[in-house]
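Per the numbering used here, the very first residue in the sequence shown carries number 3; after that it's consecutive. Don't be surprised by glycine CBs; every beta carbon is placed ideally from N, CA and C. Working notes for the structure below.
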Amino acid sequence: MSMPKPVLISVDDDPEVLRAVERDLRRKYADRYRVVRADSGAVALQTLQTLKKRNEAVSLLLVDQRMPEMSGVEFLNKAIAVYPEARRVLLTAYADTDAAIQAINQARIHHYLLKPWDPPEENLYPVLDDLLEDWQAGYRPVFDGVRVLGHRWSPHSYAVRDFLARNQVPYRWLDAESAERDKEVREALELAERDGLKLPAAIFMDGTALSDPSTTDLASKLGLRTSAATSFYDLLIVGGGPAGLAAAVYGASEGLSTVMIEREAPGGQAGMSSRIENYLGFPSGLSGGDLARRALTQARRFGVEVLTPQEAVSLRVDSGSKFVKLANGSEIGSKSLIIATGVSYRKLDVPGMERLQGAGVYYGAAMTEASSCKDEDVYVVGGANSAGQAAMYFSKYARRVVMLVRASSLAVSMSQYLIEQIRETPNIHVQVNSQVTEVFGKDRLEEIAVYCTTSGETVRIPAVSLFIFIGAAPRTDWIGDCVARDEKGFIATGPDVQQFAKGPASWRLDRPPWLLEASVPGIFVAGDVRLGSIKRVASGVGEGANAVQFVHQYLGSV
Ligand SMILES: Cc1cc2nc3c(=O)[nH]c(=O)nc-3n(C[C@H](O)[C@H](O)[C@H](O)COP(=O)(O)OP(=O)(O)OC[C@H]3O[C@@H](n4cnc5c(N)ncnc54)[C@H](O)[C@@H]3O)c2cc1C
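Here it is as structure tokens:
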């Protein structure tokens with residue numbers, strides 16, 4: 003059975019413009035998408051409802067701003083509720099540019115286009131191609147890709163889904179608990195029973211299945227690379243967040259044989275961010291997942307060897323060469339090394355947490371879990387930007403989002419623009435002076451205990467999902483004494499090396515260490531893991547690119 007093509011909708015009250023838009027859309031996209039038009043916001047909303055009932059996919063809304071009765075922004079605001087994932091593009095005249103910029107926040111539009119856009123090859127298609135590619139990455143057609151069958155509250159099921167999502171593998175989630183309602187789930191369960199599969203099971207298009215797979219099983223089945231093609235490189239990068247990816251792209255594009263090792267999935271922390279608002283060149287923001295996917299495509303295009311999931315477990319330096327041991331026991335050598343291992347989430351250390359992690363309690367996993375929180379109350383712990391962004395993202399799906407903030411106000415740790423967005427979102431409730439002190443539940447989260455720091459009272463609240471964003475710490479233990487670190491584990495570079503470099507980690511050259519260089523010549527550090535770094539996507543990307551310049555300088559000097 004073939005699926006209907008996803009729909010592109012254009013909305014304009016001017017019949018001539020509408021015809022022109024439709025013609026341009028058809029010419030380029032008719033083979034993959036169905037083009038539908040509407041001459042007013044009201045008609046378009048009706049169309050959306052009908053498509054929703056038929057369970058059809060809508061990928062793009064291309065909407066004129068100036069329409070009588072309902073403006074483009076008003077329409078898009080309503081459309082979010084029906085098709086939150088559809089890409090929203092506003093068509094504006096030059097005079098309406100200000101309105102369009104304001105609409106970026108209000109109707110969360112992805113892009114605005116100025117009329118007229120002739121020739122479309124230059125002014126229309128590149129923008130739409132980009133947006134449709136982003137949409138496709140999150141789109142899960144019913145009969146394509148991997149299906150994951152499991153229990154929603156099982157930590158293992160969660161790990162499998164999270165791994166697939168973060169490696170941009172399209173999958174369909176089959177919740178074993180919905181077997182009564184859902185024929186597809188029932189059939190999958192029967193198949194699992196017949197083949198003696200343990201849940202969660204990953205079921206592939208070719209009819210094969212993996213029983214309770216590890217991420218390594220999944221990686222090899224999906225053809226993700228986990229071991230190196232050769233054993234010696236010009237540049238070895240550990241960590242595939244924004245800093246590592248940038249280093250990989252610049253290194254390979256400038257002719258260095260480059261390998262990148264990533265423990266979980268490329269994208270790092272940024273891959274978990276639902277919306278990065280301040281990254282240059284994306285005026286309407288972009289999701290961390292989209293940024294990661296684009297960067298990975300770019301890195302692979304330049305020939306970077308990407309090993310994932312693969313973890314660096316130790317480091318040694320021998321006659322100037324750097325050797326990194328991997329979790330599978332093998333070793334990779336390189337002339338130069340860039341460490342870009344970022345930071346990891348700080349754990350909330352209260353009774354019950356360990357047991358319920360992945361079963362209602364999550365760290366920074368907004369993207370994967372949001373749609374399963376539909377019509378529920380969601381609790382978010384933390385008061386900094388990452389917590390705020392997550393709350394905004396959940397507010398699109400959840401009935402209510404409660405932010406539990408330890409401080410007495412958000413102003414202490416959150417950017418002003420986010421505070422304003424949160425204030426304007428009616429289903430987000432901010433509860434200050436509040437600390438989670440215990441979590442309860444048999445197989446999954448059922449209740450949380452919240453301590454109020456002003457009244458001194460603790461109350462127990464029923465809760466099914468709790469998301470934690472309380473900061474992060476570097477994980478650099480694998481480096482041992484090789485490279486100088488501060489007491490928290492951040493790696494010292496450049497002018498800071500002197501203060502921390504002692505014993506085996508001492509600096510031994512006549513020249514001082516370069517700006518991003520660690521206490522060992524030829525080892526550079528980029529991004530959040532570096533002592534004194536600014537914890538931003540753009541800073542990580544900038545440092546990754548700069549580190550490659552120092553690698554060239556180093557390779558030229560030895
Ligand atoms: C929810 C959230 C929202 C955010 N929003 C914004 C925003 O809007 N704007 C902004 O500018 N910044 C934002 N940030 C901060 C930004 O994401 C980070 O500053 C940035 O990701 C740092 O990049 P990095 O490459 O240094 O490290 P990371 O992103 O931490 O990446 C490090 C990578 O290294 C891997 N790794 C670690 N150890 C090993 C090992 N031993 N072997 C192999 N691989 C390893 C990890 O798995 C990880 O993928 C946000 C962060 C979070 C958590």
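Own chain partners of residue i with C-beta closer than 8 Å, once the 5 adjacent residues on each side are dropped
| i | result |
| --- | --- |
| R302 | V308 |
| I263 | L238, I239, V240, G241, G242, L309, T310, Q312, E313, A314, V326, L328, I334 |
| D483 | G505, P506, A507 |
| P86 | K398, Y399 |
| A102 | Q67, L92, T94, I111, Y114 |
Burial state of residue i (16 or more Cβ within 10 Å)
| i | result |
| --- | --- |
| N548 | buried |
| Y419 | exposed |
| L10 | buried |
| F145 | Reliability of the predicted coordinates at F145 is poor, the pLDDT of 45 falling under 50, and the value obtained from them is presented with this limitation in mind. F145 is exposed by the Cβ-count criterion. |
| R21 | exposed |
| E489 | exposed |
| Y96 | exposed |
| D26 | buried |
| S559 | exposed |
| W137 | buried |
| Q359 | buried |
| I481 | buried |
| L116 | exposed |
| L412 | buried |
| D197 | exposed |
| N387 | buried |
| S233 | exposed |
| S266 | Residue identity differs from the one stated: residue 266 is Glu in this sequence, not Ser. Result: buried. |
| I470 | buried |
| I111 | buried |
| G322 | exposed |
| N280 | exposed |
Among the options, nearest to residue i - alpha-carbon criterion
| i | options | result |
| --- | --- | --- |
| G390 | G246, I82, R425, R163 | R425 |
| R538 | V434, V13, I278 | I278 |
| Y114 | A105, P121, T310 | A105 |
| M274 | Q555, N330, Y395 | Y395 |
| G458 | R446, K376, T439, R402 | T439 |
| P476 | P506, D219, V527, R462 | V527 |
| M207 | E264, G147, L53, G542 | G147 |
| K80 | K327, R265, F471, Q51 | Q51 |
| H431 | G443, A400, I450 | A400 |
| A230 | V452, A101, G335, V441 | G335 |
| E195 | P157, V485, L151, S316 | L151 |
| S521 | D197, P121, Y127, I341 | I341 |
| P311 | D219, A181, A451, L64 | D219 |
| L518 | R318, P497, W509, I536 | P497 |
| D292 | G269, G283, P353 | G269 |
| L282 | S541, E135, E182, R188 | S541 |
| Q555 | L258, Q501, W155, P122 | L258 |
| P464 | D351, I525, G362, W516 | G362 |
Beta bridge counterpart(s) of residue i as assigned by DSSP
| i | result |
| --- | --- |
| E307 | V261 |
| G335 | F234, F325 |
| F1 | Any question about residue 1 goes unanswered here, given that the chain covers just 3 to 560. |
| M405 | V382, V432 |
| V363 | Q359, L468 |
| H554 | In the DSSP output, where bridge partners are listed per residue, H554 has none listed. |
| G152 | D177 |
| R318 | F325 |
| A347 | It should be pointed out that residue 347 corresponds to Tyr in this sequence rather than to Ala. According to DSSP, Y347 bridges with A474. |
| L288 | I278 |
Chain-order list of residues whose beta-carbon lies under 7 Å from that of residue i (same chain, five-residue window excluded)
| i | result |
| --- | --- |
| C454 | N435, S436 |
| P215 | V162, A204 |
| H153 | S159, A178, E179, L201 |
| T478 | T343, R487, G491, I493, V531 |
| R28 | V37 |
| S213 | L199, K200, A203 |
| M72 | S42, G43, A44 |
| L238 | V261, K324, V326, I334, S336, L339 |
| G393 | The amino acid at residue 393 is misidentified as Gly; the sequence shows Ala. Hits under 7 Å: V382, V403, M405, I424, I430. |
| M416 | G385, A386, N387, G390 |
Residues of its chain near residue i, where Cβ-Cβ distance is below 6 Å and the 5 sequence neighbours each way are ignored
| i | result |
| --- | --- |
| P8 | Y35, A59, S61 |
| R402 | D379, N429 |
| A248 | V543, G546, A547 |
- Can you check the region 474-511 for any beta strand (DSSP E) of at least 3 residues that lies completely inside it and give the ranges in chain order? 474-476
- Query: Taking the runs of the beta strand (DSSP E) that are 3 residues or longer, which of them lie wholly in the region 416-467?
  - Reply: 430-433, 436-442, 449-454, 460-464
- Message: Could you tell me which whole alpha helix (DSSP H) segments of length 4 or greater appear in the region 15-96?
- Response: 17-31, 43-55, 74-84
- Scan the region 175-261 and note each continuous alpha helix (DSSP H) run of 4 residues or more that stays entirely inside, going in chain order. 185-196, 217-224, 244-255
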